[in-house]
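Here the structure comes first, spelled out in structure tokens, and everything after it is commentary.
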Amino acid sequence: MLTVKCFARYRDLLGFTEQTCATAATLGDLLMDPRFERLPKDALLAVNQTFADRATPLRDGDEVALMPPVSGG
């Protein structure tokens, strides 16, 4: 199982703060799940607290974080 955590406005957008999901081969495969269809393409993604892209392989027990892009000046 994977743990998926949503941060900031993604909590409201996706309707959860933390959820468990079946293990997927890659982060991109996980995000194909209908639960994530509203996730913007520019979302910041992390696996086990390290920024990742959709090609990142996943393993049972991984933690995935979904975060909005950060802006600042």
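Remember, the working numbering sits 143 above the position in the sequence shown when you count from 1.
Using N, Cα and C, we set each Cβ at its ideal position, and we do this for glycine too.
Near residue i, what residues of its chain come up, given a Cβ to Cβ distance below 8 Å and the 5 sequence neighbours on each side ignored?
i, result
"A198", "T169, L170, G171"
"T163", "M144, L145, T146, V147"
"L182", "Y153, L156, L157, L174, L209"
Using the beta-carbon count (16 or more within 10 Å), is residue i buried or exposed?
i, result
"A195", "buried"
"D205", "buried"
Can you list, in chain order, the residues of its chain whose CB lies under 6 Å from that of residue i, leaving out five sequence neighbours each side?
i, result
"P200", "T169"
Is residue i near residue j, with beta carbons less than 8 Å apart?
i, j, result
"D203", "T160", "no"
Please work out which residues of its chain come closer than 7 Å, Cβ to Cβ, to residue i, disregarding the five sequence neighbours upstream and downstream, and give them in chain order.
i, result
"P212", "D185, L187"
Review point. Taking only runs of the alpha helix (DSSP H) that begin and end inside the region 161-201, which ones reach a length of at least 4 residues, in chain order?
Key: 170-174
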